[in-house]
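S.K.:
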Amino acid sequence: MIRLEQLSLARQLDLVFKELEEELAGLNSGTVFVQIRNNVIGKFGIRHNPLAGRNGVIIPAGCGLTPVQQSSFRSMALESLNHKRRWTHGEISYEFTIQQGIVLVDAVLESNYNMANMMIRYSRPAVSDAAAEY
């Protein structure tokens, strides 16, 4: 059995989009997010407002993403990974909408660092070591 950490981040993202196909087919806008820890996607999903109202009337959301639009969205999401540098923990959000039949995507890459881990790497030298420097 293949473990998730053995898959590249791109392959994991591809699996995320496969899992979200049905939900994306019913949405024409929203934000797909993936939370990453040690280059492994943990939590992922879609943030969206499924209902919109005007003058006391709920307006149905129209059609969702077609298979071609989903494929284009997935390709843009995979391409955005080329802009991820060095960090292993964080979140990537893909805000999407359909305009004139074309899916538009804005990607936001958020890196997260842990001060406790950094303090271990950059711990102060022992008192005897510091005295030896003088």
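For the sequence shown, my numbering assigns the number 1057 to the initial residue and increments by one for each residue that follows.
Idealized CB from N, CA, C, for every residue including glycine.
Are three or more beta carbon pairs between the stretch 1124-1132 and the stretch 1143-1162 nearer than 8 Å?
M.R.: yes
S.K.: What does the alpha-carbon distance come out to for the pair ASN1170 and VAL1090?
M.R.: 19 Å
S.K.: What's the C-alpha gap between ASN1095 and ARG1141?
M.R.: Approximately 11 Å, taken between the alpha carbons.
S.K.: Is it right to say LEU1107 is buried, meaning 16 or more other beta carbons lie within 10 angstroms of its own, or is it exposed?
M.R.: With fewer than 16 Cβ atoms within 10 Å of its Cβ, LEU1107 is classed as exposed.
S.K.: Write down the C-beta distance between HIS1104 and LEU1083 rounded to the nearest angstrom, noting that I regard them as a contact closer than 8 Å.
M.R.: 6 Å
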